[in-house]
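Numbering (the numbering used here), first residue to last: 1 to 423. Beta carbons: idealized from backbone N, C-alpha and C, even for Gly.
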Amino acid sequence: MSSKMSSKRQIKRSKEKRSQDKMDKAMSDVKKIGIFSCCLIAVLLVMGIFINPKESYGAGFLTEVPDKFISEADRGDGTSRPPLGHELISGINLPWEFAGYIPVTDESGEYITDVSKDDIYNDENKISFIYCVDKKKEMANNLLYSKGDSVKNQISLEQDDTTTSSYPGLIYILLHDNIVETYGLQPTGYETTETMNYYLAQVAIWCYIDEVRGDYNFTAEQRATIYADPTYGNIINDLVTGAKEYQSYNTLESYITVDESNISYSIIGDYIETSVITPIGSNSYFENYSVQADDSTSNIEILDANGNPVTGLINANEGFKVRIPVSATQNNDFNLPITIVGYFSNNYDAYVYIPDNSEAQRALLGKLERVSTPTTFYLKAPTLNVPDTASNSYLVYGIGSLIIVAGIVLIVVAKRPNNAKKK
């Protein structure tokens with residue numbers, strides 16, 4: 001009987017021990033949770049202290065042709081030039097090429113024209129070839145030429161000429177003056193690729209002017225002879241035909257626009273970044289553009305659509321982004337001008353230059369001016385969807401306080417003496 005009672009007591013104590021072990025483990029887990037909760041809320045409170053309680057953040061072409069140049073016959077080394085000039089087409093003779101050079105000034109700023117070839121007429125100062133406009137007049141050395149009207153305007157070809165016309169097709173000829181390569185021609189004799197290009201472009205310029213103005217450089221019979229030449233006639237005719245068609249092609253209005261309503265902003269680290277901005281061209285000849293931020297105080301960056309810094313021109317079908325330091329947008333008067341300079345393939349210009357000698361002929365500089373089309377829009381201080389950190393801080397404090405109280409209670413309960421058993 002006593003052994004049965006002893007056995008029952010042992011079973012009871014074994015059950016009570018297992019139950020107590022489970023309770024001790026549970027209290028230990030509660031204690032750990034309480035300690036963890038206190039540590040967590042301590043971290044949150046520290047973060048809350050350092051959160052700034054602000055509601056939101058506030059936000060060969062030339063770009064410009066020279067005003068003057070000095071004329072000089074480009075005779076090469078004097079030994080490889082044709083003694084009687086060029087005559088690729090029978091009866092049409094050019095003595096040699098003329099070129100325009102950057103003029104030299106003296107100490108007082110006056111232009112010097114009476115200088116030796118080595119002082120000024122060198123490859124370093126050479127701008128380009130220059131083409132004759134008035135075939136019946138002479139082209140001379142050491143003449144100072146000044147920039148005149150655009151060939152798109154109504155101009156006269158002589159100083160006393162009362163007949164005016166526009167000659168935009170001259171732009172087309174200069175755009176297509178790489179004639180030897182285009183038509184697969186082979187220079188022969190004294191000729192080079194450069195001299196042949198010059199000769200054929202010059203003849204095409206004279207013929208085109210005559211087609212617009214009437215017989216001026218050639219008679220109708222001379223032009224017929226030129227167009228009938230078995231080697232070069234079709235080439236000259238192609239250039240003149242293209243030049244005449246270019247008059248309507250060049251009248252397309254060229255400008256760019258930006259849809260500012262589609263621009264959005266995002267915060268990336270210490271910066272505000274716009275969405276991709278893609279300029280829209282007014283016609284299909286929009287080629288490329290550059291972007292400038294008119295700001296001297298902040299580190300404004302222009303990026304491509306992938307977030308890489310932009311260097312050089314951007315293709316017309318690609319967009320860009322603007323990255324602005326957050327600190328630069330804190331003022332309510334933030335107003336950042338962004339200027340986009342667009343370039344269109346139909347928006348070139350050429351100019352007729354006027355000599356300082358009325359007896360000499362006017363000239364066409366062989367370089368085109370690539371006309372830019374700028375537009376400016378403004379990035380204003382944006383209001384971003386940044387969390388209300390002031391309200392959030394108070395919420396963190398409230399929740400943290402409750403968790404701390406609960407954690408302390410759990411820790412106290414967990415520390416209850418293990419031998420405090422129910423009697």
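Sub-8 Å separation of residue i and residue j beta-carbons
{"i": "I505", "j": "I179", "result": "In the structure displayed, the chain extends from 1 to 423; residue 505 sits before or after that span and is not available."}
{"i": "I130", "j": "Y167", "result": "no"}
{"i": "T339", "j": "V258", "result": "no"}
{"i": "V240", "j": "A201", "result": "no"}
{"i": "K342", "j": "T373", "result": "First, the residue type needs correcting, since residue 342 is Gly and not Lys in the sequence shown. Against a cut-off of 8 Å, the Cβ pair of T373 and G342 comes out as a contact."}
{"i": "G281", "j": "A305", "result": "no"}
{"i": "I127", "j": "K367", "result": "yes"}
{"i": "A73", "j": "N141", "result": "yes"}
{"i": "S90", "j": "M139", "result": "no"}
{"i": "T274", "j": "L185", "result": "no"}
{"i": "T192", "j": "E97", "result": "no"}
{"i": "I256", "j": "F286", "result": "yes"}
{"i": "D294", "j": "P337", "result": "yes"}
Element boundaries [beta strand (DSSP E), containing residue i]
{"i": "V341", "result": "335 to 349"}
{"i": "Q292", "result": "286 to 293"}
{"i": "R323", "result": "320 to 325"}
{"i": "T225", "result": "Where T225 is concerned, there is no enclosing beta strand (DSSP E), although the alpha helix (DSSP H) it sits in stretches over 220 to 227."}
{"i": "G148", "result": "144 to 150"}
{"i": "Y255", "result": "First-last for Y255: undefined, no H or E at that position."}
{"i": "I171", "result": "Not the beta strand (DSSP E): I171 falls in the alpha helix (DSSP H), residues 169 to 175."}
{"i": "P374", "result": "368 to 380"}
{"i": "L157", "result": "From DSSP, L157 is part of no beta strand (DSSP E); its letter is neither H nor E."}
{"i": "G100", "result": "97 to 101"}
{"i": "A425", "result": "For residue 425 there is no data in the structure shown, the boundaries of the chain being 1 and 423."}
{"i": "K126", "result": "126 to 132"}
{"i": "D430", "result": "Since the first residue shown for the chain is 1 and the last is 423, residue 430 is missing from the structure and cannot be characterised."}
{"i": "E87", "result": "86 to 89"}
{"i": "S266", "result": "265 to 268"}
{"i": "M92", "result": "Position check: residue 92 holds Ile in this sequence, whereas Met was assumed. Start and end: 92 to 94."}
{"i": "L303", "result": "301 to 304"}
Where residue i falls, given that 16 or more other Cβ within 10 Å makes a residue buried
{"i": "L170", "result": "buried"}
{"i": "D114", "result": "exposed"}
{"i": "T182", "result": "exposed"}
{"i": "A243", "result": "buried"}
{"i": "Q361", "result": "buried"}
{"i": "N433", "result": "Residue coverage of the chain in this structure runs from 1 to 423, which leaves residue 433 outside it and unanswerable."}
{"i": "N93", "result": "exposed"}
{"i": "D118", "result": "exposed"}
{"i": "T105", "result": "exposed"}
{"i": "Y111", "result": "exposed"}
{"i": "L505", "result": "Lying before the first or after the last residue shown, residue 505 is absent from the chain, which here runs from 1 to 423."}
{"i": "Y190", "result": "exposed"}
{"i": "A363", "result": "buried"}
{"i": "I173", "result": "buried"}
{"i": "P187", "result": "exposed"}
{"i": "D177", "result": "buried"}
{"i": "I272", "result": "buried"}
{"i": "A220", "result": "exposed"}
{"i": "I268", "result": "exposed"}
{"i": "N122", "result": "exposed"}
{"i": "N308", "result": "exposed"}
{"i": "E107", "result": "exposed"}
{"i": "A328", "result": "buried"}
{"i": "N335", "result": "exposed"}
{"i": "P279", "result": "buried"}
Where the alpha helix (DSSP H) through residue i begins and ends
{"i": "E194", "result": "193 to 213"}
{"i": "T182", "result": "179 to 183"}
{"i": "T274", "result": "Segment 271 to 274 is the beta strand (DSSP E) holding T274; no alpha helix (DSSP H) there."}
{"i": "G109", "result": "That residue, G109, is in no alpha helix (DSSP H); it is neither H nor E in DSSP."}
Assumed close pair residue i, residue j - CB separation to whole angstroms, cut-off 8 Å
{"i": "N283", "j": "S254", "result": "6 Å"}
{"i": "V151", "j": "Y351", "result": "7 Å"}
{"i": "L313", "j": "V65", "result": "Wrong, their Cβ atoms sit about 20 Å apart, outside the cutoff."}
{"i": "L95", "j": "L144", "result": "For the sequence presented, residue 95 should be read as Pro rather than Leu. That belief does not hold up - the Cβ atoms of P95 and L144 are roughly 21 Å apart, past 8 Å."}
{"i": "K147", "j": "Y353", "result": "6 Å"}
{"i": "V276", "j": "G319", "result": "4 Å"}
{"i": "L88", "j": "Y289", "result": "Not really, about 41 Å apart at Cβ, beyond 8 Å."}
{"i": "L175", "j": "E369", "result": "Wrong, their Cβ atoms sit about 12 Å apart, outside the cutoff."}
{"i": "Y246", "j": "H86", "result": "Not quite, the Cβ-Cβ distance comes to about 26 Å (not below 8 Å), so this is no contact."}
Cβ pair count under 8 Å reaching 3, the segment 206 to 220 against the segment 146 to 165: yes
For the 8 Å Cβ check, are there 3 or more pairs between the segment 299 to 308 and the segment 321 to 336? yes
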